[in-house]
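A.B. asks:
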């Protein structure tokens, strides 16, 4: 793991004290190690770092020199989130200070190699939130990628830049971590199709780690066929079996807000009028859902701190607001809490898998439409919106289940998503179902 380049060191106790004081003094103290200031680390441009100013919030690197495809061209251009290794480039992790001291990668991430072998073309390396540790998509250092489907709203993170590139039509697919929803959320916020596979089904070799328990690689696109095409290149070969039953839970649907719920009800009504698997309502006790979410946050946070806390504690002032708040909370998770939370995650995952059986579960992807870009990243309202979304993404994350999100819209046209959660290992079946759904009135038309 890289270490901070000549930063004053903050031990754990000082890091916590600084967090409580808003870190203002720390930012000034750390500026000496960051070029002209925390937002200007004096990082020289990298080879291929030719993004124009208007695109700098979306891209860190555009076009050549990036590794070339090694197979027949399937007309697939891919935006790669800047958390994956690309030979000859550095992993920037959405943070200029990290980028400034990172070494050039000597190999490309295994998943990207498989895409290149299939003929995919890298459109560029897309921006992300700091270390992928945030779901808003806000980045204080590089700027926040726009949300073309919902102007004035956040793009969602951490696969924020890649989602924006796809929504703009610059790339056909975007790839990045889906750790606790980092692909599904931006897909829903930007009116796209997204997919997070069964935990462990797709290699994460060459991806900057955040949480060993939840790290997985996902992808998104503007259409279900492209999401399935990426799956053909990355997923294990399995026989396809159609789902004959689908289930939804009124309790889970009620977690979403008053704007999302009518859109989900309309999607269910369209589903029942189609030839899709028979959809039934079934109670699912959500009383423990907040505790499950807190367990996910504790496990992810503890593991993120073990992975990056040493560096973050030396470079506090360079980390963006949302990630800094998440790291601050992570630094407070004790080992005892972590171990207890690991057990709770395991038990909760078993409960979700028992409820699901061989069916596919429908639930809202996010708890609300994308929040406004005008919301302060430190604002309690934004934190509450993201928490509600986290309650919903937790259901699949805690059980390691394959999940596709398909686009639906609220009454006023805001993009949100409907998630299709399938049993473990049935990734291709979930993708095939998403393609069927795309041909019905369930999904929103752009």
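Residue numbers (our numbering): 1136 to 1581. Each residue gets a CB set at the ideal place from its N, CA and C atoms; glycine is no exception.
1. Can you tell which of 1290, 1270, 1486 has its C-alpha closest to the C-alpha of residue 1549?
2. Are the CB atoms of residue 1299 and residue 1282 within a distance shorter than 8 Å?
3. Taking the straight line between their C-alpha atoms, what separation do you get for residue 1490 and residue 1509?
4. Could you pull out every residue in the same chain whose Cβ sits closer than 7 Å to the Cβ of residue 1562, ignoring the five residues on either side in sequence?
5. Can you give the Cα-Cα distance for residue 1441 and residue 1241, rounded to whole angstroms?
6. Would DSSP call residue 1268 helix, strand or coil?
7. Return helix, strand or coil for residue 1602, following the three-state DSSP convention.
8. Counting only runs that start and end within the region 1273-1345, where is the beta strand (DSSP E) found for 3 or more residues in a row?
9. Any heavy atom of the ligand PLP closer than 7 Å to the Cβ of residue 1248?
10. Is the region 1430-1449 close to the region 1466-1473, with three or more CB pairs under 8 Å?
11. Below 8 Å between beta carbons: does that hold for residue 1352 and residue 1310?
12. For residue 1272, is the classification buried or exposed, using 16 other Cβ atoms within 10 angstroms of its Cβ as the cut-off for buried?
13. So, for residue 1483: in the same chain, excluding its five sequence neighbours on each side, which residues have a beta-carbon less than 6 Å away from its beta-carbon?
14. When you compare each of 1560, 1540, 1236 to residue 1571 by their alpha carbons, which one comes out closest?
15. Check residue 1423 in the structure and name its three-state DSSP category.
16. With a threshold of 16 other CB atoms inside 10 Å of the CB of residue 1180, please say whether the residue is buried or exposed.
17. Let me know if residue 1502 comes out buried or exposed under the rule of 16 or more other beta-carbons within 10 Å of its beta-carbon.
18. On a Cα-Cα basis, can you pick out the residue from 1205, 1313, 1414 that is closest to residue 1381?
C.D. replies: So, from the listed chains and residues:
1. 1290
2. yes
3. 40 Å
4. 1332, 1333, 1336, 1366, 1370, 1537
5. 25 Å
6. coil
7. No statement about residue 1602 is possible, as the shown extent of the chain runs from 1136 to 1581 and does not include it.
8. 1308-1312, 1328-1331
9. Looking at this structure, you won't find the ligand PLP or any other ligand, since it has none at all.
10. yes
11. yes
12. buried
13. 1427, 1533
14. 1540
15. coil
16. Because residue 1180 carries a pLDDT of 38, less than 50, the predicted location of this residue cannot be relied on, and the following value inherits that uncertainty. It is exposed - the Cβ of residue 1180 has fewer than 16 other Cβ atoms within 10 Å.
17. buried
18. 1414
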